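Heads up, the thing below is written out as structure tokens.
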DNA sequence: GCCGTTTTCGGCCCGACTGTTTTCAGTCG
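Residue numbers (this note's numbering): 3 to 589.
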């Protein structure tokens with residue numbers, strides 16, 4: 003698939019045009035086309051072959067021609083043209099806070115600045131200060147921008163951000179001055195990584211709440227402290243992050259929450275719709291002329307635009323607004339649809355809990371089952387179980403299950419997919435289990451695709467765990483062709499895992515969406531190795547919601563008995579999974 | 001460059017902040 007490659011080209015063109023001072027709307031058009039392309043699960047080459055490029059929203063005649071040209075020749079004339087006269091290092095400067103295309107263009111023209119090093123020199127030797135429109139403060143801000151770009155990690159994981167946000171919210175509630183408070187931004191949309199932490203609150207007096215906020219014990223620095231807005235820097239896992247608090251009036255809470263939740267693209271489209279209706283939408287409300295017609299609740303804001311409320315996880319301008327307008331939003335997965343955790347480890351391999359503790363924790367979450375899936379023998383570093391130890395564990399589980407009433411422990415394994423694609427346990431053993439998860443744990447560069455495809459041919463394999471193998475905080479993942487894995491999953495009826503551990507979230511939302519469209523079943527498991535690990539399910543559910551998965555797409559919505567039924571053919575065969583798509587209720 | 005049950009041309013989201021200006025441009029979210 004060349005979608006991402008072409009999107010990167012279009013983004014590059016936008017960068018270059020921005021610096022060249024091209025009309026802003028043209029830049030916006032390129033950026034929008036790039037975003038739509040990067041999000042799209044259909045293969046751009048297929049659409050091009052069918053002459054349907056212009057049916058993609060945001061792609062018109064001009065960009066369609068450029069995509070065609072690229073697919074045919076491997077080149078885009080416009081790309082070369084746009085980048086002519088623009089040194090590679092100049093584009094990077096757009097990433098510095100406070101620096102935009104206009105200023106970069108001027109610096110390049112007047113001072114011959116070509117990259118970050120040139121810019122640093124110009125700041126140091128005072129030549130930057132000589133530029134028109136450049137005062138002492140702007141130079142200082144640019145200096146700070148360069149510094150913070152080098153110090154701040156791009157984004158932090160959703161889990162790390164949630165910990166701080168939860169702490170901040172609890173801290174604010176304790177003041178008794180705030181009445182309503184919520185996380186907003188990408189945190190509320192449950193993106194896998196988060197930039198800044200945005201918190202919205204109502205309460206009085208604003209200045210006092212902000213003062214308390216900036217006095218948060220974890221504050222490293224206070225960036226701003228006004229009557230309605232405060233900004234602080236906090237430390238998360240060694241990285242510095244900005245956290246913003248905004249105080250709004252009760253009557254504006256809904257529109258402010260809507261606005262600060264985003265995404266930007268979603269908001270832009272909503273505003274366009276408001277305008278078409280002769281309305282104006284801002285963080286202060288929905289207005290007809292000077293009269294405010296909505297703003298107190300998010301539902302009211304959407305209703306004023308003739309739309310149903312939509313879940314924050316869907317607000318990315320990926321078609322959700324159009325569906326909502328037809329009252330055809332899917333009923334996406336809810337936390338309550340998850341009846342159990344399908345991937346947990348115990349002390350038998352590399353977990354830190356005994357089975358009864360895990361049962362207790364799972365019961366507290368309202369689950370009716372867990373699948374114990376410890377590692378298999380060849381995963382030495384994780385204490386993988388030999389066949390004998392696995393059999394002993396199965397007997398132990400049988401014994402515990404006797405006394406559990408309506409709760410059930412599924413006897414499972416996370417069996418290793420070996421270097422030749424065979425499994426680490428023979429079928430005789432796998433056959434006695436309730437739930438077989440297979441996964442790659444070594445040889446990340448060695449025939450991973452072929453090995454996975456082969457493992458999926460075994461009908462005893464129910465799920466492929468963490469199919470991409472990536473770690474969000476920094477591991478590329480296996481050298482694997484996920485499109486072929488998806489195809490094989492469709493053909494064999496194997497489910498794919500959405501590993502809910504915050505650093506994995508694997509499959510990611512892009513491939514989850516593809517899997518959903520192909521009718522592939524998804525299995526959510528936290529892969530927990532510790533007591534708190536079961537709680538990670540909320541991130542898995544968040545990503546599932548971002549991919550628009552519905553209850554019926556997820557095997558965790560089945561009962562323990564249904565899952566333990568040996569024949570996966572009945573419940574999971576490809577033929578029975580062909581999705582009839584009935585019209586849906588909004589929600 | 002995209003787009004159209006108001007338009008094939010003339011629009012294109014909105015508001016705040018900052019720093020540099022003397023009425024506004026640039027940047028950000």
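Here a beta-carbon is modelled for each residue, glycine too, at the ideal position from N, C-alpha and C. The model shown is predicted, which means the values in this text are computed figures rather than measured ones.
Cut-off 7 Å between Cβ atoms - residues of its own chain near residue i, not counting five sequence neighbours on either side
| i | result |
| --- | --- |
| residue 141 | 125, 130, 131 |
| residue 287 | 254, 257, 294, 296, 297 |
| residue 90 | none |
| residue 59 | 38 |
| residue 435 | 413, 414, 415 |
| residue 1 | The chain is shown only over 3 to 589; residue 1 falls outside these bounds and no answer can be derived. |
Status (buried if at least 16 other CB within 10 Å, exposed otherwise) for residue i
| i | result |
| --- | --- |
| residue 15 | buried |
| residue 86 | exposed |
| residue 260 | buried |
| residue 513 | buried |
| residue 263 | buried |
| residue 467 | buried |
| residue 587 | At residue 587, the pLDDT of 36 sits below 50, so the modelled position is not reliable; the number obtained from the coordinates is stated separately. When all chains shown are included, residue 587 counts as exposed. |
| residue 304 | buried |
| residue 276 | buried |
| residue 17 | buried |
| residue 539 | buried |
| residue 1 | Only positions 3 to 589 of the chain appear in the structure, and residue 1 is not among them; the question remains open. |
| residue 243 | buried |
| residue 481 | exposed |
| residue 10 | exposed |
heavy atom of the ligand PLP below 6 Å from residue i C-beta
| i | result |
| --- | --- |
| residue 184 | Within the structure as shown, the ligand PLP is missing, as the structure has no ligands at all. |
Cβ shell of residue i (< 6 Å), same chain only, five flanking positions each side left out
| i | result |
| --- | --- |
| residue 6 | 40 |
| residue 77 | none |
| residue 395 | 350 |
| residue 29 | 16, 19, 20 |
Assumed close pair residue i, residue j - CB separation to whole angstroms, cut-off 8 Å
| i | j | result |
| --- | --- | --- |
| residue 479 | residue 470 | 4 Å |
| residue 95 | residue 106 | 5 Å |
| residue 334 | residue 547 | 5 Å |
| residue 499 | residue 465 | 5 Å |
| residue 387 | residue 378 | 6 Å |
| residue 225 | residue 233 | 4 Å |
| residue 458 | residue 442 | So it is not a contact: roughly 12 Å between Cβ atoms. |
| residue 557 | residue 497 | 6 Å |
| residue 281 | residue 272 | Not a contact, Cβ separation roughly 10 Å. |
Rounded straight-line distance, which links the Cα of residue j to that of residue i
| i | j | result |
| --- | --- | --- |
| residue 22 | residue 145 | 23 Å |
| residue 168 | residue 507 | 20 Å |
| residue 491 | residue 152 | 43 Å |
| residue 319 | residue 133 | 40 Å |
| residue 24 | residue 474 | 36 Å |
| residue 425 | residue 150 | 48 Å |
| residue 2 | residue 316 | There is no way to answer for residue 2, as the model of the chain reaches only from 3 to 589. |
| residue 122 | residue 102 | 16 Å |
| residue 417 | residue 343 | 17 Å |
| residue 2 | residue 67 | A query on residue 2 cannot be resolved here, the shown segment of the chain reaching from 3 to 589 and no further. |
| residue 391 | residue 347 | 14 Å |
| residue 472 | residue 428 | 28 Å |
| residue 550 | residue 322 | 10 Å |
| residue 209 | residue 230 | 7 Å |
| residue 519 | residue 402 | 39 Å |
| residue 251 | residue 205 | 7 Å |
| residue 486 | residue 239 | 36 Å |
| residue 190 | residue 171 | 13 Å |
| residue 380 | residue 327 | 53 Å |
| residue 8 | residue 484 | 19 Å |
| residue 447 | residue 421 | 10 Å |
Residue i - containing alpha helix (DSSP H), residue span
| i | result |
| --- | --- |
| residue 371 | Residue 371 -> not in any alpha helix (DSSP H); beta strand (DSSP E) instead, spanning 371-374. |
| residue 26 | 26-41 |
| residue 492 | 484-494 |
| residue 21 | 5-22 |
| residue 525 | First-last for residue 525: 524-527, but that is the beta strand (DSSP E), not the alpha helix (DSSP H). |
| residue 205 | Unbroken run through residue 205 is the beta strand (DSSP E), 199-205; no alpha helix (DSSP H). |
| residue 2 | The structure shown does not extend to residue 2, since the chain is modelled only from 3 through 589, so no value can be given for it. |
| residue 556 | No alpha helix (DSSP H) holds residue 556; DSSP gives it neither H nor E. |
Residue span of the beta strand (DSSP E) that contains residue i, given as start and end
| i | result |
| --- | --- |
| residue 345 | 342-346 |
| residue 224 | 221-227 |
| residue 44 | Where residue 44 is concerned, there is no enclosing beta strand (DSSP E), given that its DSSP letter is neither H nor E. |
| residue 413 | 410-418 |
| residue 296 | 293-296 |
Spatial neighbours of residue i in its chain, beta-carbon cut-off 8 Å, leaving aside the 5 residues before and after
| i | result |
| --- | --- |
| residue 592 | Summary: the structure shown does not reach residue 592, with the chain confined to residues 3 through 589, and so no result is reported for it. |
| residue 148 | 98, 118, 121, 122, 125 |
| residue 585 | With a pLDDT of 36 at residue 585, under the threshold of 50, the modelled position of that residue is not reliable, and the figure given next carries that caveat. Within the same chain, residue 585 has close Cβ partners 330. |
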